[in-house]
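One structure is given below, encoded as structure tokens.
Chains as they are written, first to last, in the numbering used here: chain A, 630 to 901; chain B, 42 to 692.
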């Protein structure tokens, strides 16, 4: 049994609450290949939780399990105190889980604004006919949603590209637009799949800043996968380390950094 | 001092009160936020300002305290300046992009007790230097994002302070202090960017600001209903006069863009009627238009060039009220309908009634382009110490090579060495805590040295500026050396962003050149020239060929000006990095700091005069976050053809 978890306050003044998502003994197989082997960890409300590991460690698979895209053969996923049955991705989205992708998945021909508006989809209630006629409720809804979206555009400082088609944007900005779209869904839990992949140092710093600000300002719980150890250690509260589908470490950045198994996995080691 | 006609209106808060009474319901401020233009009437603005003024009192602001303001142009920050004045304090706007040390110097020098900061970036900068600031009491921030976790014992949000002000019963005290303001009181203190040495705090009185605003507003018939876009640094005297002085005097509306990057879009949406931009902005706009026209289809190109030609011929005539035949009028109308109108709209200049540029010389072709569009683009000459205006061009007398006639109330005198002196109602009170500099700049009779050399053109009475007086020197041969004159000619080429000419006490002149990455990059793309970095492009032989051709052309035109024929550029090199304010090579207003460039690149100058054909160099650069790095490069040095005196005579 797990200990009862008390909320606590981090040194920088954020409150970390109870367990939001609990992964219990997850095993995921693709045919005979075990991508994830009996992994358990939890994500607490309000924290920034990172999953790191070398290439092929099973990080993305883990994220896909959390997002409901993969269904593990064994183990249970608990979300907000309830066991989550196998679900379709859109159902997971309605639960309040949003994500970004490793290889940006935006609508290239649409403007930034329209892309971010699609993030509000789960919050739109009026039907297609009402939308087409554009009266009363449908109009009000659109205005409300646009307001939310504009706040996010302001927050992520992408006002200047509001009306620019996404296809014309450089990579770093596309990543930011994707984050904006995920945020537009007002998620409880935000999943970021390698948010800093392919970025230069300056872009990484900007992105780190935005991740911290999102967490701080909206109180969004964030789970992120990242390759770049340095950045992760700086911004996460707790880190899970995976290697070959197994969990080899779990704890605060400092604990993880000094964990001999983690050092072996990352730096390699000569076994005599 | 002559008694001003502005009877009873002896402070900015008094002007505000008048505006509330006369046109309280009209828009006074707009700001684009969340994609929508939010606006405040004079009445609403006054309400916000009152609350903040009372808020300052709750913090214990005393009469005469300095309140620094830093951040991008936002109505709330303009209100903070007026609120400070209402309680007898002196607003000190600072450059938002200044480094922490620069801010530390200014804050410590003026002993600011309060800082109104735009956002976290500004607050962080102040936090970094807090230990050095002995008199700083409280920081008030506008955008609280990312600041929630900060220690709030000496920090308050703008909204909270206003709330506290509204709750406290202090409006009587605010009114009392406001009523006590006189024309002699300090209106504002502005730090000059300083091309040399430490910045100086220029103190301007209410008399300076109000009288100047009144004169200049009348000169250009500014009135309620006019619109400006406030996008230039708030710490710059021009913005203070346009967005506060003239806006308050004439009662027009100040519009603030959403962010620095959206300025062009916002400009288009607002369509200002009164517009100021440094030549750089106009240059950039023209370069962009030309680049995009290159990409247009054949028919569009043909249409553009045909009707721009019509515009060039007839546009300036119409602006100057010269006689124009019915046929020409018809042609221009057609051009306006097909090309000029849509282009102006795209540029956001459809409604511009009065446009100004200043700060640097503007290229004749840039000037002609905007005039062809029917935009009344004029030049003015001014400085912080004069509360901006020294000379300006009247409607109908606009030229690219002069800076106009003395502004109303301004007297001009040219000293023997060519330096321009002026005396006007706008002449500053003093440099704060710097009596020595005050005395050396302003004499007992109120004449101020501009530091610029120039002459009054015979016949027209227009002033022409040649160069900084201290930069005008002699060459080894005794010939006159005016580097800026040559640099400006070079910079008129779109390929050349910046040029620095050397030659004082030397046998001949040489130059450093910075290419314009937008223009040259575009040209390279068109000509299939591959490059991986600014540095590589800058040293490409074909780029060097083009620049050499430009230098040769400039030499011809310099040679034609007898007095300055010695300033022809014999040798030049193209720099491997852009001159940058972060590296101290330019001021924040992007003027070259000649001495620093000379010291920093001494090896390159030696090479220019040493007859070498290339030089290896290492240069330290500072990144935006303050880290330093080194760039290494081998630069080619080229010779340019010069005209001898005989050749000139022969032509």
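All C-beta atoms, glycine included, are put in the ideal place defined by N, C-alpha and C.
Query: Evaluate residue 243 of chain B with the Cβ neighbour count: other Cβ atoms within 10 Å of its Cβ, from every protein chain shown; 16 or more gives buried, anything less gives exposed.; Result: buried
Query: Measure the beta-carbon distance from residue 542 of chain B to residue 638 of chain B and round it to whole angstroms, keeping in mind my assumption that it falls under 8 Å.; Result: Not confirmed; about 11 Å, so no contact.
Query: Expressed to the nearest angstrom, what Euclidean distance is found between the alpha-carbon atoms of residue 834 of chain A and residue 261 of chain B?; Result: 48 Å
Query: For residue 129 of chain B, which residues of its own chain have a beta-carbon under 6 Å away from its beta-carbon, when the five flanking residues on both sides are left out?; Result: 104, 218
Query: Mind listing, in chain order, the continuous alpha helix (DSSP H) runs of no fewer than 4 residues lying wholly within the segment 70-112 of chain B?; Result: 83-99
Query: Taking C-beta pairs closer than 7 Å, name the residues in chain B that residue 797 of chain A reaches, listed in chain order.; Result: Simply none; closest approach about 14 Å.
Query: Give the straight-line distance between the Cα atoms of residue 26 of chain B and residue 496 of chain B, rounded to the nearest whole angstrom.; Result: With chain B covering 42 to 692 only, the question about residue 26 of chain B has no answer from this structure.
Query: Between the Cα of residue 285 of chain B and those of B:367, B:347, B:428, B:403, spot the shortest distance and give me the residue it belongs to.; Result: B:428
Query: Against chain A, does residue 663 of chain B count as a neighbour if the rule is that its beta carbon must be under 7 Å from one of theirs?; Result: no
Query: Does DSSP put residue 558 of chain B in a helix, in a strand, or in coil?; Result: helix
Query: Can you look up residue 444 of chain B in the DSSP assignment and give me helix, strand or coil?; Result: coil
Query: What is the rounded straight-line gap between the Cα of residue 692 of chain A and the Cα of residue 891 of chain A?; Result: 20 Å
Query: Enumerate, from N- to C-terminal direction, the unbroken beta strand (DSSP E) stretches of 3 or more residues contained entirely within the segment 645-674 of chain B.; Result: 655-663
Query: Please classify residue 654 of chain B as buried or exposed, where buried requires at least 16 neighbouring CB atoms within 10 angstroms.; Result: exposed
Query: With 16 as the cutoff for other CB atoms within 10 Å, does residue 60 of chain B come out buried or exposed?; Result: buried
Query: For residue 573 of chain A, which residues does DSSP report across the bridge?; Result: The first residue shown for chain A is 630 and the last is 901, placing residue 573 of chain A beyond what the model contains.
Query: Would you say the segment 253-260 of chain B touches the segment 279-299 of chain B, given that touching needs at least three Cβ pairs under 8 Å?; Result: yes
Query: Provide the residue span of the alpha helix (DSSP H) that contains residue 124 of chain B, from first to last.; Result: 116-127
Query: Counting Cβ pairs closer than 8 Å, one from the segment 780-792 of chain A and one from the segment 73-82 of chain B, do we hit at least three?; Result: yes
Query: At which residue ranges does the segment 401-482 of chain B contain complete beta strand (DSSP E) runs of 3 or more residues, listed in the order of the chain?; Result: 418-424, 429-433, 452-455, 460-464
Query: Given that a residue counts as buried once 16 or more other Cβ atoms are within 10 Å of its Cβ, and exposed if not, what is residue 101 of chain B?; Result: exposed
Query: Going along chain B in order, which residues have a C-beta closer than 8 Å to the C-beta of residue 642 of chain A?; Result: 189, 190
Query: In chain order, what residues of the same chain lie with their CB nearer than 7 Å to the CB of residue 721 of chain A, ignoring the 5 residues before and after it?; Result: 696, 697
Query: Determine, using beta carbons only, whether residue 751 of chain A and residue 702 of chain A come nearer to each other than 7 Å.; Result: no
Query: Name the one or two DSSP bridge partners that residue 68 of chain B has.; Result: B:82
Query: Specify the secondary structure class of residue 892 of chain A as computed by DSSP and reduced to three states.; Result: helix
Query: Less than 7 Å between the C-beta atoms of residue 400 of chain B and residue 418 of chain B, yes or no?; Result: no
Query: Would you tell me roughly how many angstroms separate the C-alpha atoms of residue 647 of chain B and residue 558 of chain B, rounded to the nearest one?; Result: 27 Å
Query: So residue 809 of chain A contacts chain B; which residues on that side make the cut at Cβ distance below 8 Å?; Result: Result: empty, since nearest Cβ-Cβ is about 13 Å, beyond 8 Å.
Query: Answer yes or no: do residue 813 of chain A and residue 778 of chain A have a C-beta to C-beta separation smaller than 7 Å?; Result: yes
Query: Here's a check: name, in chain order, each residue in its chain whose Cβ is nearer than 8 Å to the Cβ of residue 337 of chain B, leaving out the five neighbours to either side.; Result: 345
Query: Quick one: is residue 842 of chain A near chain B, going by C-beta distance under 7 Å?; Result: yes
Query: Give me, in chain order, the residues of the same chain whose beta-carbon lies closer than 6 Å to that of residue 385 of chain B; leave out the 5 immediate sequence neighbours on both sides.; Result: 391, 414
Query: Along the chain, where does the alpha helix (DSSP H) that runs through residue 861 of chain A open and close?; Result: 858-864
Query: So if DSSP puts residue 296 of chain B in a beta bridge, which residue, or which two residues, is it bridged to?; Result: B:71, B:270
Query: Distance, Cα to Cα, residue 321 of chain B vs residue 514 of chain B?; Result: 27 Å
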